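In the working numbering, the protein residues as written are 223 to 302. Beta carbons are placed, not taken as given, at the ideal position from N, Cα and C, and that holds for glycine. Computed from a predicted model, the values in this text were never measured in an experiment.
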Amino acid sequence: MKSTGMLRKVDDLGRIVLPKELRDNLEINSADSIEIFTDGGRIVLQKYAPGCCFCGNLQVTKMVHEKKVCRSCVELIGGR
223 MKSTGMLRKV DDLGRIVLPK ELRDNLEINS ADSIEIFTDG GRIVLQKYAP
273 GCCFCGNLQV TKMVHEKKVC RSCVELIGGR
C-alpha cells in the first residue's frame, strides 16, 4: 500500500473529505458509491463496482432473484 502523504481530520459527524486530486486519480465522482472494508487496524475505501454476488467478477451475465451472477458461478451451481 502506498502512502499519499495526505492527512485529513474526522469531523464531528465522523466524515472525512477525500482530496480532489485523489478522487480525480481514482476516477471517483460525487455520485459514486464507496465500499468500506476493515483489514486488521486499517480502514480500506474502494470505489464500488457491482459484480457477481458470489465471487465479485465484474462480467455479470445473469440476474437471479435480483442478484448479479457471473457465468462461472452459474456453471458452478449447475444453472444454465
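Q.
Across the region 279-286 and the region 260-269, are there enough close Cβ pairs to call them in contact, namely three or more that are closer than 8 Å?
A. no
(Q) Here's the rule: buried if 16 or more other CB atoms are within 10 angstroms of the residue's CB, otherwise exposed. What is Lys290? (A) With 16 or more neighbouring CB atoms inside 10 Å of its own CB, Lys290 falls in the buried class.
Q: Whole angstroms is fine: what's the gap from Asp254's alpha carbon to Lys269's?
A: 7 Å
Q | Met223 to Gly236 span [Cα, whole Å] | A | If you take the alpha carbons of Met223 and Gly236, they lie about 24 Å apart.
Q.
Given this structure, state the Cα-to-Cα distance separating Leu244 from Glu297, to the nearest angstrom.
A. For Leu244 and Glu297, the distance between alpha carbons rounds to 39 Å.
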